[in-house]
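Accompanying notes for the structure given below.
Number of protein chains: 2
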Amino acid sequence: MTASGTQERILDAAECLFAEHGFGDVSVRQVVHTAGVNVASIHYHFGSKEALVEAVMSRRLKPLNDERLRLLDEYESRDEGEVALEDVLYALIAPAVKLSRSRKGGKSFVRLVGRLFAEPSNTVLERLKDRFEVVFIRFHRAFKRTLPAIRKRDYFWRIHFILGAMSLTLCDRERPAAWSEGSCDPDDLDEVIQQLVAFCAAGLRSPVPRKKRKR
Amino acid sequence: MTASGTQERILDAAECLFAEHGFGDVSVRQVVHTAGVNVASIHYHFGSKEALVEAVMSRRLKPLNDERLRLLDEYESRDEGEVALEDVLYALIAPAVKLSRSRKGGKSFVRLVGRLFAEPSNTVLERLKDRFEVVFIRFHRAFKRTLPAIRKRDYFWRIHFILGAMSLTLCDRERPAAWSEGSCDPDDLDEVIQQLVAFCAAGLRSPVPRKKRKR
DNA sequence: GTCTATATCCTGATAGAC
DNA sequence: GTCTATCAGGATATAGAC
Numbered sequence: 011m012t013a014s015g016t017q018e019r020i021l022d023a024a025e026c027l028f029a030e031h032g033f034g035d036v037s038v039r040q041v042v043h044t045a046g047v048n049v050a051s052i053h054y055h056f057g058s059k060e061a062l063v064e065a066v067m068s069r070r071l072k073p074l075n076d077e078r079l080r081l082l083d084e085y086e087s088r089d090e091g092e093v094a095l096e097d098v099l100y101a102l103i104a105p106a107v108k109l110s111r112s113r114k115g116g117k118s119f120v121r122l123v124g125r126l127f128a129e130p131s132n133t134v135l136e137r138l139k140d141r142f143e144v145v146f147i148r149f150h151r152a153f154k155r156t157l158p159a160i161r162k163r164d165y166f167w168r169i170h171f172i173l174g175a176m177s178l179t180l181c182d183r184e185r186p187a188a189w190s191e192g193s194c195d196p197d198d199l200d201e202v203i204q205q206l207v208a209f210c211a212a213g214l215r216s217p218v219p220r221k222k223r224k225r
Numbered sequence: 011m012t013a014s015g016t017q018e019r020i021l022d023a024a025e026c027l028f029a030e031h032g033f034g035d036v037s038v039r040q041v042v043h044t045a046g047v048n049v050a051s052i053h054y055h056f057g058s059k060e061a062l063v064e065a066v067m068s069r070r071l072k073p074l075n076d077e078r079l080r081l082l083d084e085y086e087s088r089d090e091g092e093v094a095l096e097d098v099l100y101a102l103i104a105p106a107v108k109l110s111r112s113r114k115g116g117k118s119f120v121r122l123v124g125r126l127f128a129e130p131s132n133t134v135l136e137r138l139k140d141r142f143e144v145v146f147i148r149f150h151r152a153f154k155r156t157l158p159a160i161r162k163r164d165y166f167w168r169i170h171f172i173l174g175a176m177s178l179t180l181c182d183r184e185r186p187a188a189w190s191e192g193s194c195d196p197d198d199l200d201e202v203i204q205q206l207v208a209f210c211a212a213g214l215r216s217p218v219p220r221k222k223r224k225r
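In order, the protein sequence lines correspond to chains R and G.
Residue 165 in our numbering sits at position 155 of the first sequence, with consecutive numbering throughout.
Residue 101 in our numbering sits at position 91 of the second sequence, with consecutive numbering throughout.
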């Protein structure tokens, strides 16, 4: 890396473009144009477009997940293992939402993460799987402690729904504000976090659905 | 259209491929190859790739939304306007989930709808906006009747979370089964629907979150 | 309506001068 | 490390014979 920070400029530009248009629809030429660097520099610094995608994700994924685990550790040591459900959810959700207002491109990155989860057959997600799994195993343990009686199948369906709600919220800042004609403020991050935490907590605590629906 | 049903074969193949790999990553050549038709036929029948994408969506969107409105009408006339929250959610969710097991490519289509909602800056969604809006206005009225005291901003945040949960569930059949080591059965559609309805109902009914969180 | 052949452009990637 | 020039391949789209 040189003093001009070419790698950083490429990563910033790619992060922003990928978040806006998706991975497949952004060419390396658009990236170098936005970054103001030479066409060849992406292959010099990263080797391939695919490696660039992975580098974009890796750069911020570790700090994000580290912060999630740090919060969870903090709550667990403070409450001696008896962490409230809302606190576990907060540790999972808040770092991602907060990252979305950090100046250094975090906004684009969280949209990328949301996009990543919404694209099922995704080689990038496969590659990053290990990093996510460590976090989820830790959170699974914490969730199960707060919900000792929950059935395995109920738990995993609900976790899936929670990921969906998070995904779309990270992906799409504008829709709630637009549909509510301004009542929802996407820039009030504490509000977003609390809404998500409350919604997910209620969903996780809801009674087991009936076995059969008569219609 | 001819007797061989070239248009249908193209639509089926495109629907399947788009659902599997996304819009941008599928070429018209892949589509014609999968459909077993000539390269030029897409442009003859649809005019452009973008028009094909729109045609794929339009073909199934009207029946889906018609079924949603039909269910809602049925419940409202039966219960004289006093429809249970779970029934409104059922009318919104069940037709989409059920379409996912219809033989004629419905499985691919609902994944496409999920993908559509997860991609914010999407020209296709803009084009189909009108068709969705009619449905949502009807459902907004129904929801507000079952939740008369809810604040506008709480309501729209929660609708957003519900769309996210639906989106990911329609997009990604496999993750809950994989993570739960088989406890979740993606083919048990009644189970999926009931899980989603119960989760979303609990979320919609949850008490208003506290104003400030002290951490 | 179907097909072949082709036009035109853009893609990711690289070679080699500086 | 940066740049220009260029490659080989694939993209959408079309022209024109059948």
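From the three backbone atoms N, C-alpha and C, an ideal C-beta is built for every residue, glycine too.
A quick note: this is a predicted structure, and the numbers were derived from the prediction, not measured.
Buried versus exposed, by CB contacts within 10 Å (16 or more), Pro-186 of chain R: buried
Given 8 angstroms, three or more beta-carbon pairs between the stretch 16 to 30 of chain R and the stretch 58 to 70 of chain R: A contact between stretches requires three or more CB pairs, one per stretch, nearer than 8 angstroms, and the stretch 16 to 30 of chain R meets this requirement with the stretch 58 to 70 of chain R.
Whole-angstrom distance between Leu-102 of chain R and Phe-153 of chain R, CA atom to CA atom: Phe-153 of chain R and Leu-102 of chain R have their C-alpha atoms some 11 angstroms from each other.
Span of the alpha helix (DSSP H) around Ser-177 of chain R: 162 to 181
Nearest-angstrom beta carbon gap, Leu-79 of chain R and Arg-148 of chain R [assumed within contact, 8 angstroms]: 6 angstroms
The stretch 199 to 219 of chain R: positions lying closer than 9 angstroms to chain G by Cβ: Asp-200, Glu-201, Val-202, Ile-203, Gln-204, Gln-205, Leu-206, Val-207, Ala-208, Phe-209, Cys-210, Ala-211, Ala-212, Gly-213, Leu-214, Arg-215, Ser-216, Pro-217, Val-218, Pro-219
Leu-178 of chain G at chain R interface by Cβ criterion, 7 angstroms: yes
Contact set between the stretch 158 to 170 of chain R and chain G, restricted to residues whose Cβ is under 9 angstroms from the partner: Arg-161, Lys-162, Arg-163, Asp-164, Tyr-165, Phe-166, Trp-167, Arg-168, Ile-169, His-170
Inter-stretch contact (C-beta, 8 angstroms, three-pair minimum) for the stretch 183 to 203 of chain R and the stretch 165 to 172 of chain G: yes
Where Tyr-54 of chain G falls, given that 16 or more other Cβ within 10 Å makes a residue buried: exposed
Beta-carbon spacing of Val-145 of chain G, Asn-75 of chain G below 7 angstroms: Yes, the Cβ-Cβ distance between Val-145 of chain G and Asn-75 of chain G is below 7 angstroms.
Proximal residues of chain R, C-beta to C-beta of Arg-185 of chain G below 7 angstroms: Those within 7 angstroms of Arg-185 of chain G in chain R are His-170.
Cβ neighbours of Ser-216 of chain G in the same chain (closer than 6 angstroms, five flanking residues each side left out): none
Thr-12 of chain G at chain R interface by Cβ criterion, 7 angstroms: Confidence at Thr-12 of chain G is low in this model, with a pLDDT of 45, below 50, so the placement of that residue should be treated as unreliable; the coordinate-derived value is given next. No - not a single Cβ of chain R is within 7 angstroms of the one on Thr-12 of chain G.
Nearest-angstrom beta carbon gap, Trp-189 of chain G and Phe-142 of chain R [assumed within contact, 8 angstroms]: Not really, about 11 angstroms apart at Cβ, beyond 8 angstroms.
Classification of Ser-112 of chain G by the beta-carbon crowding that lies within 10 angstroms, buried from 16 upward: exposed
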